[in-house]
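2 protein chains.
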Amino acid sequence: MDIKIKDVAKTAGVSVATVSRVLNGSELVTEKTRNKVQNAIDQMNYHPNATAKYLRSKKTMTIGVIVSDINVSYYAEIVKGIENMAYSRKYKVIICDAQNQQDKEVAYLELLLNRTVDAMILITHMVSDEVINEFVDNGYHIGVIGRFIDSPKVPCIFTDNVKFSKQVVEHLIERGHRNIAFLSGYPDALDSSERLEGYIKALQEHQLEYKPELIENGDFNEEGGYKAFKRLLDKNITFSAIYSANDEMALGVYRACAELGIQIPNNIAIVGVDNNRISKYLNPRLSTVNQPKYTMGALIAEKIIDQLNEDEFDLQRVFKIDSELIIRESSDFKI
Amino acid sequence: MDIKIKDVAKTAGVSVATVSRVLNGSELVTEKTRNKVQNAIDQMNYHPNATAKYLRSKKTMTIGVIVSDINVSYYAEIVKGIENMAYSRKYKVIICDAQNQQDKEVAYLELLLNRTVDAMILITHMVSDEVINEFVDNGYHIGVIGRFIDSPKVPCIFTDNVKFSKQVVEHLIERGHRNIAFLSGYPDALDSSERLEGYIKALQEHQLEYKPELIENGDFNEEGGYKAFKRLLDKNITFSAIYSANDEMALGVYRACAELGIQIPNNIAIVGVDNNRISKYLNPRLSTVNQPKYTMGALIAEKIIDQLNEDEFDLQRVFKIDSELIIRESSDFKI
DNA sequence: TTGAAAGCGCTAACAA
DNA sequence: TTGTTAGCGCTTTCAA
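Line by line, the protein sequences are chains X and G. The numbering of the first sequence is numbering that gives the first Met the number 0, which starts it at 0 and goes up by one. The numbering of the second sequence is numbering that gives the first Met the number 0, which starts it at 0 and goes up by one.
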């Protein structure tokens, strides 16, 4: 296993430069030489040392991805998209699970500075726009999902939260609901504030009063949704529908309803966001908003790899992805 | 950003060796020199090039993890455990999503050969024991989860599938069930065959007939569970309980039952495996077997990192982890 | 078309 | 305690 390019060169009776050319598919090698070299490589079971290659070529063929929690389906699906595109382009993916801790997010950005990765993709919200811009201004490559960065060099992919949130709420209004609660996620996430914005807009356009007491934060997870729903009930206010900012929190509401004997959708309608794999297996099946997570991941990976290779003929860097409201039984009931 | 150790040395008025010593926390540097160097580092905003370090030190501080599908909670949770332990030991994790394709699994093993990773953790079943042994014999570091490799150098972590499967089936027998169906996963996965083995053993010990027609394969996912259950029904055979080899397939059964008006647990009892985050949010809450996935991930990462650093005073390499049957409403009903 | 040789940025053996 | 220097294994000019 300690055989190196020099050994191959010796066995093949050529120079290391020629072996290197064969390894990298250079045109300037005769068929005959190539065969000679290839035979030596095969016979000696030679594997080029990637680290040495990286040092010399100043590329690591590696992309880092910072997520809040890889065990959340939304992130996992995006990572799958990134990983697949990267694989097809010979890139590796380092996964950085920041666990919602800002210091871990910042620490992972260090991988950019010390050249462990060629680029970093952020699907998190803790690192500020300023920090991202500073990195980019210093020549580092960063791509983001779920936010917009006002810099000409940062590929951005995000969905129109306001638009689909309005659709969700309008769908509920159309089904006869007048008091619609909203379960929000991490307070500092753009996804939370924009979804709230869409919710409020829809109410306004339909001359419905916006009642802040109908808003609760559920931290984007099942337990948070469960508790947020209970807090809503404790307030003793009227509401007949819930717009949950993701499917996980909606599942928490399902549980609470099951325990309390509340019927979905007859007693309460509910709509989630993300179209998680499980959403259509719930009973009743959960209405939700489909986000093309895998595609978003693949797209951002493609853009950032293109950028690394300066295939800059394709100038588009900002992608607003359309989401689709999927109406299932959990909200398809006219009151 | 192109500042290197030489530049720092010049600014600090010392040699590169001294800077290197400061960077790596060597003892043999006076307080005064250290400060001088540290000031230069801070002032110049110097970040050591990791690639160069890796080449020279023959370590990449990176571990690869091959999973079947990162969007399956079981794998994601294990990866989280690995990632966290790795992070605390300054290691990075490269994620390899093999998508159940053998060629991709094999391709990822290449990362060991070309020294992109220091070690590889396998949570998949496609790579044969022989291949693993060959790698290990050649000095590469491999750890596995969910299987046992008969080699003194491979850390292995697995649960006692037979034991807990017997417990599951005995629990169902105790609740009065005599005809218990079994939903299996990937046919070539050890988890599938061993869980079947435990199922059969329990039947035998209780003098119940083993009926092969009660076995169906559901590929470890929701859709597979849904279809497998329907195939069981189509056979027009009697059964009052289902042991599903994981929670995802159980969710598929839940769906089918909802559509057909079959009551859980009154008409049919069901037990899953994995204790996925969602299992206790389902209605009824799903009985399942808890596997300490996060801990298993952290443990394998610890063992493999210890091995890389030859802290071989701790010789234990094989860990059979105990699983715990969690009885919830989906099976807690005496017929 | 091929080869010689410089050098990527760092660590560590050895010398002082 | 600090400095000098030889590589780590590869790619890539430049020359032949």
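We treat Cβ as the ideally placed atom computed from N, Cα and C, and that holds for glycine.
List the endpoints of the continuous beta strand (DSSP E) containing residue i.
i      : result
G:N289 : 287–289
G:T158 : 155–158
X:V105 : Unbroken run through X:V105 is the alpha helix (DSSP H), 101–112; no beta strand (DSSP E).
Could you spell out the range, first to last residue, of the alpha helix (DSSP H) harbouring residue i?
i      : result
X:K52  : 49–56
G:A201 : 189–204
G:G142 : No alpha helix (DSSP H) holds G:G142; the beta strand (DSSP E) holding it covers 140–144.
X:T10  : 4–11
X:L22  : 15–22
X:R230 : 221–233
Does DSSP classify residue i as helix, strand or coil?
i      : result
G:S243 : strand
G:N132 : helix
G:E323 : strand
G:H46  : coil
G:A300 : helix
X:F318 : strand
G:A118 : strand
X:A257 : helix
X:L273 : Position check: residue 273 of chain X holds Asp in this sequence, whereas Leu was assumed. Strand.
X:D149 : coil
X:V71  : coil
X:D1   : coil
X:F332 : coil
X:I172 : helix
G:Y209 : coil
X:S164 : helix
G:R177 : coil
X:R284 : coil
X:L307 : helix
X:T32  : helix
G:E82  : helix
X:I263 : coil
G:S25  : coil
X:M125 : coil
G:N38  : helix
Of the choices the options, whose alpha-carbon is the least far from that of residue i?
i      : options                        : result
G:N137 : G:A118, G:I214, G:N34          : G:A118
X:G271 : X:L202, X:T10, X:A244, X:S25   : X:A244
G:I93  : X:Q98, X:Q101, X:N99, X:L110   : X:L110
G:R284 : G:V7, G:F147, G:N274, G:I148   : G:N274
X:M125 : X:A106, X:R114, X:K279         : X:A106
X:D331 : X:K319, X:Q315, X:V168         : X:V168
X:D159 : X:A240, X:T123, X:G145, X:S150 : X:G145
X:K58  : X:D41, X:Y90, X:Y185           : X:Y90
G:N289 : G:R276, G:A297, G:I299         : G:R276
G:I153 : G:T17, G:Y139, G:L324          : Correcting the residue type first, residue 153 of chain G is Val in the shown sequence and not Ile. When each option's Cα is compared against that of G:V153, the closest is G:Y139.
X:R327 : X:N70, X:P264, X:E258          : X:P264
X:F219 : X:M84, X:L250, X:P211, X:F147  : X:L250
G:L402 : G:E222, G:E221, G:E212, G:E247 : Outside the modelled stretch of chain G, which goes from 0 to 334, sits residue 402 of chain G, for which no answer is possible.
G:Y86  : G:N216, G:G296, G:S191         : G:G296
X:E133 : X:P186, X:V13, X:L112, X:N23   : X:L112
X:M43  : X:R114, X:D6, X:E301           : X:D6
X:A188 : X:P151, X:S67, X:E30, X:T17    : X:S67
G:T287 : G:L307, G:E309, G:S322         : G:S322
G:N157 : G:I122, G:H170, G:I172         : Looking at the sequence provided, one finds Phe at residue 157 of chain G rather than Asn. Closest by alpha carbon: G:I122.
G:K31  : G:D96, G:Q262, G:V13           : G:V13
G:V78  : G:P291, G:K333, G:R194, G:E309 : G:P291
X:C341 : X:Y198, X:I120, X:E26, X:I172  : What is shown of chain X runs 0 to 334, which leaves residue 341 of chain X out entirely.
G:K234 : G:G197, G:A39, G:A180          : G:A180
X:E82  : G:K103, G:R88, G:K52, G:Y73    : G:K103
G:N308 : G:D1, G:S56, G:D41, G:P47      : G:S56
G:C95  : G:R88, G:I65, G:Y45, G:Y73     : G:I65
May I ask you to list the residues that DSSP assigns as paired with residue i?
i      : result
X:N216 : X:S183
X:T61  : X:K91
G:A268 : G:A240
G:D96  : G:V66
Compute the beta-carbon to beta-carbon distance between residue i and residue j, rounded to the nearest angstrom, for a pair I have assumed lies under 8 Å.
i      : j      : result
X:V21  : X:V28  : 6 Å
X:K35  : X:A11  : 5 Å
G:T294 : G:G142 : About 14 Å; that fails the 8 Å criterion.
G:T115 : X:L54  : In fact, because the Cβ distance is near 13 Å, the residues do not count as touching under 8 Å.
G:I62  : X:A75  : Not a contact, Cβ separation roughly 19 Å.
X:A268 : X:H205 : About 16 Å; that fails the 8 Å criterion.
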